[in-house]
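Student: Sharing a structure here in structure tokens format.
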Amino acid sequence: MAESTFIYVTYIRTTPEKLWQALTDTDFIPQWWMGVRTETDWRVGGPWKLVLTDGRTADTGEVLEFEPPRRLALKWRNEFKPELKAEGWSHCLFELEPQGEAVKLTVTHSIPRDASQLIQAVSGGWPQILSNLKTLVETGKPLIPQRAAETAQA
Amino acid sequence: MNDDAVFRALADASRRRLLDRLHETSGQTLSELCEGLNMSRQAVTKHLVLLEAANLIATRRQGREKLHYLNPVPIQGIAERWISKFQQQQLAALSALKAALEKPD
Numbered sequence: 006m007a008e009s010t011f012i013y014v015t016y017i018r019t020t021p022e023k024l025w026q027a028l029t030d031t032d033f034i035p036q037w038w039m040g041v042r043t044e045t046d047w048r049v050g051g052p053w054k055l056v057l058t059d060g061r062t063a064d065t066g067e068v069l070e071f072e073p074p075r076r077l078a079l080k081w082r083n084e085f086k087p088e089l090k091a092e093g094w095s096h097c098l099f100e101l102e103p104q105g106e107a108v109k110l111t112v113t114h115s116i117p118r119d120a121s122q123l124i125q126a127v128s129g130g131w132p133q134i135l136s137n138l139k140t141l142v143e144t145g146k147p148l149i150p151q152r153a154a155e156t157a158q159a
Numbered sequence: 018m019n020d021d022a023v024f025r026a027l028a029d030a031s032r033r034r035l036l037d038r039l040h041e042t043s044g045q046t047l048s049e050l051c052e053g054l055n056m057s058r059q060a061v062t063k064h065l066v067l068l069e070a071a072n073l074i075a076t077r078r079q080g081r082e083k084l085h086y087l088n089p090v091p092i093q094g095i096a097e098r099w100i101s102k103f104q105q106q107q108l109a110a111l112s113a114l115k116a117a118l119e120k121p122d
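Sequences listed follow chains F and W, in order.
With the numbering used here applied, the first sequence covers 6 to 159.
With the numbering used here applied, the second sequence covers 18 to 122.
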């Protein structure tokens with residue numbers, strides 16, 4: 006089956022529990038996601054939503070898996086660019102594995118179609134978001150506190 | 018993951034070529050990566066092991082195949098180390114400009 010996938014891996018010097026907290030605390034998320042807010046109660050089957058700093062809804066979806074402190078999966082669709090919305094649902098998986106003093110965080114974002122523009126668009130954002138998360142969790146300070154949400158988000 | 022491993026991995030034209038190929042098309046098998054390259058399968062495998070150890074590529078099993086993906090996160094980290102403070106200044110300048118332009122007379 007045709008598929009577009011990006012995989013991002015980063016090693017963060019922390020514990021799976023602390024990283025899980027950073028990934029799922031909706032008050033904390035904007036600090037590493039360049040101001041982007043997450044709205045969800047993390048109930049499996051429940052809604053999930055990303056809101057840009059200007060109040061626009063960037064992406065919506067559903068919580069597919071929620072297994073602290075190891076696995077978080079989201080159904081994900083862009084909402085504000087028609088050509089991206091038309092591509093339909095993508096799948097975003099966060100996996101946390103302890104490795105020595107660090108935690109290996111793997112983000113796999115995929116969509117069952119060739120040459121996805123959504124996957125292209127988010128691929129610009131993920132490295133920066135994850136790099137920011139790593140810096141924030143390891144040092145307590147975000148590298149880039151806030152940017153225009155569009156550069157971080159598809 | 019340390020920067021030394023990343024720089025060592027990047028300090029080789031063949032390995033950069035492999036990263037270029039994954040940049041063009043991410044998610045390739047070893048055989049696909051070997052196509053059209055003037056390198057033995059063994060040499061490519063060795064380079065891929067080194068690139069994976071430096072966290073510059075990520076791999077995933079799909080059925081019987083192992084797919085290789087470019088992982089740009091360590092390169093982002095290196096870039097930010099020297100570039101981000103200049104970006105911050107630009108952003109600060111832009112937001113000061115916006116504030117000045119939008120200020121009511």
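For every residue, glycine included, the Cβ atom is placed at its ideal position computed from N, Cα and C.
Remember, it's a predicted structure, so these values are computed and weren't measured experimentally.
Taking DSSP as the reference, what is the three-state secondary structure of R75/F?
Tutor: coil
Student: Which one or two residues does DSSP pair with R82/F in a beta bridge?
Tutor: According to DSSP, R82/F bridges with T65/F.
Student: Counting only beta-carbon atoms, is Q93/W nearer than 8 Å to chain F?
Tutor: yes
Student: Is the Cβ of I12/F closer than 8 Å to any Cβ of chain W?
Tutor: Chain W contact via Cβ: present.
Student: Buried or exposed for R78/W, going by 16 or more other Cβ atoms inside 10 Å?
Tutor: Exposed: under 16 other Cβ atoms inside 10 Å.
Student: Name the chain F residues whose beta carbon is nearer than 7 Å to that of P89/W?
Tutor: P132
Student: Buried or exposed, going by whether 16 or more other CB atoms sit within 10 Å of the CB of L118/W?
Tutor: exposed
Student: Which residues, in order along the segment 37 to 68 of chain W, keep a beta-carbon less than 8 Å from a beta-carbon of chain F?
Tutor: Within the segment 37 to 68 of chain W, the residues whose Cβ lies closer than 8 Å to any Cβ of chain F are, in chain order, S43, G44.
Student: Could you spell out where the alpha helix (DSSP H) holding V23/W opens and where it closes?
Tutor: Element bounds for V23/W: 20 to 27.
Student: Which residue wins for smallest C-alpha separation from S3/F, given the options F71/F, E88/F, I124/F, E70/F?
Tutor: What the structure shows of chain F is the stretch from 6 to 159, and residue 3/F is not part of that stretch, so it cannot be assessed.
Student: Among E88/F, G40/F, H114/F, A107/F, whose alpha-carbon lies nearest the alpha-carbon of L24/F?
Tutor: A107/F
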